[in-house]
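Undergrad:
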Amino acid sequence: MYLMKTLSSHWPLIAGIAVLFAALGVFAWATDAPAYMAHEPATCNNCHVMDAQYEGWFHAGHQSWAACTDCHLPHDNFLSYWYEKGRSGMHDVFVFSTGTYPARIRATGHSQTIIQDNCVRCHSGTVEGIMVGAQDFERHCWDCHRSVAHGERGMSLVPYHDKEIYP
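For the sequence shown, this note's numbering gives the first residue as 28, with consecutive numbering after it.
#1: Measure the alpha-carbon distance for N72 versus S36 and round it to whole angstroms.
#2: Mark L100 as exposed unless 16 or more other C-beta atoms lie within 10 angstroms of its C-beta, in which case mark it buried.
#3: Which class does P149 belong to by DSSP, given the choice of helix, strand or coil?
#4: Flag this pair as touching only if the stretch 137 to 151 and the stretch 98 to 116 have three or more C-beta atom pairs under 8 Å; answer yes or no.
#5: Helix or strand or just coil, what does DSSP make of Y128?
#6: Would DSSP call A69 helix, strand or coil?
#7: Excluding the 5 residues flanking V46 on each side, which residues of the same chain have their C-beta closer than 6 Å to its C-beta?
#8: Looking only at its own chain, which residues have a Cβ that is under 8 Å from the Cβ of Y63, when we skip the five neighbours before and after it?
#9: Skipping 5 residues on each side, what residues in its chain have a beta carbon closer than 8 Å to that of A55?
#10: Return the chain-ordered list of same chain residues with a C-beta closer than 8 Å to the C-beta of Y187, the five sequence neighbours on each side being excluded.
#11: Give me the Cα-Cα distance between Y108 and H137, rounded to the nearest whole angstrom.
#12: Just mark A65 as buried or exposed, buried being the case when its beta carbon has 16 or more other beta carbons within 10 Å.
#13: Check this for me: beta carbons of I171 and C146, under 7 Å apart or not?
#14: Let me check understanding here. Comparing Cα to Cα, which of G156, P39 and V122 lies closest to H75?
#15: Can you look up E165 in the DSSP assignment and give me helix, strand or coil?
#16: Excluding the 5 residues flanking L40 on each side, which residues of the same chain have their C-beta closer than 7 Å to its C-beta?
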């Protein structure tokens, strides 16, 4: 009897929690949220604003070897990988949902550090050979190897990827 009385007095809370879980379930189903836990490049291209980046990667040298997450997420440990995946993913969802994404998508300073670390991580043998020479160590790998990850700039039909507009 006490349980029935307690449940009947808390039914709005119980109903609210049930509605919340149902809404989250519908959201996860409608947005295919579990796909974002994986590392398929096509998932990164779900937002049309990434078309030029995806197209460039698809036709570039790393397409057979590296997915978006291999370059754009840290790989030093499990926690930093998943923290950055969540942080950058929520940022992307926010700017896409609010329409505040820039016309020219470029890696932020934080992202550039991650990308540079991943270049060195995957190409450590090559980098060791380069390090003994007279190099400008303030440069990023893509300063010289621009077309490796996302192909030749300007090859896309998407105007914001055009090297004539945005060198």
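The beta-carbon is built from N, C-alpha and C at its ideal position, and this holds for glycine as well.
Fair warning: this is a prediction, and the values are worked out from it, not measured in the lab.
TA: Let me spell this out:
#1: Residue mapping note: residue 72 aligns to position 45 of the sequence shown, counting from 1. Residue mapping note: residue 36 aligns to position 9 of the sequence shown, counting from 1. Approximately 48 Å between the Cα atoms of the pair.
#2: Reading the sequence shown from its first residue, position 73 is the one you call residue 100. Buried, by the Cβ-count rule.
#3: Mapped onto the sequence shown, residue 149 falls at position 122. In the sequence as displayed, the identity of residue 149 is Cys instead of Pro. Residue state, collapsed to three classes: helix.
#4: yes
#5: The residue given as residue 128 occupies position 101 in the sequence shown. Correct three-state label for Y128: coil.
#6: Taking the sequence shown and counting its residues from 1, the one referred to as residue 69 is at position 42. It is helical.
#7: On the sequence shown, residue 46 is found 19 positions in, with the first residue counted as 1. Around V46: no qualifying Cβ.
#8: Walking along the sequence shown from the start, residue 63 turns up at place 36. Hits under 8 Å: T70 and G116.
#9: Taking the sequence shown and counting its residues from 1, one reaches residue 55 at position 28. Closer than 8 Å at Cβ, skipping near neighbours: P61.
#10: What you label residue 187 is simply residue 160 of the sequence shown in a count that begins at 1. Low confidence applies here, because Y187 scores a pLDDT of 45, under 50, leaving its location unreliable and the question unanswered by this model.
#11: For the purposes of this step, residue 108 is taken as the residue at position 81 of the sequence shown. For the purposes of this step, residue 137 is taken as the residue at position 110 of the sequence shown. Answer to the nearest angstrom: the Cα atoms are 14 Å apart.
#12: For this step, residue 65 is matched to residue 38 along the sequence shown. By the neighbour-count rule (16 or more Cβ atoms within 10 Å), A65 is not buried but exposed.
#13: To locate residue 171, count along the sequence shown from 1; it is residue 144. To locate residue 146, count along the sequence shown from 1; it is residue 119. Checking the sequence shown, residue 171 turns out to be Cys, not Ile. No. Outside cutoff.
#14: The residue you call residue 75 lines up with position 48 of the sequence shown. For H75, the nearest C-alpha among the options comes from V122.
#15: The residue labelled residue 165 in the question sits at position 138 within the sequence shown. It is coil, neither helix nor strand.
#16: As a first step, residue 40 must be located in the sequence shown, where it is residue number 13. Excluding positions up to five away in sequence, the list is empty.
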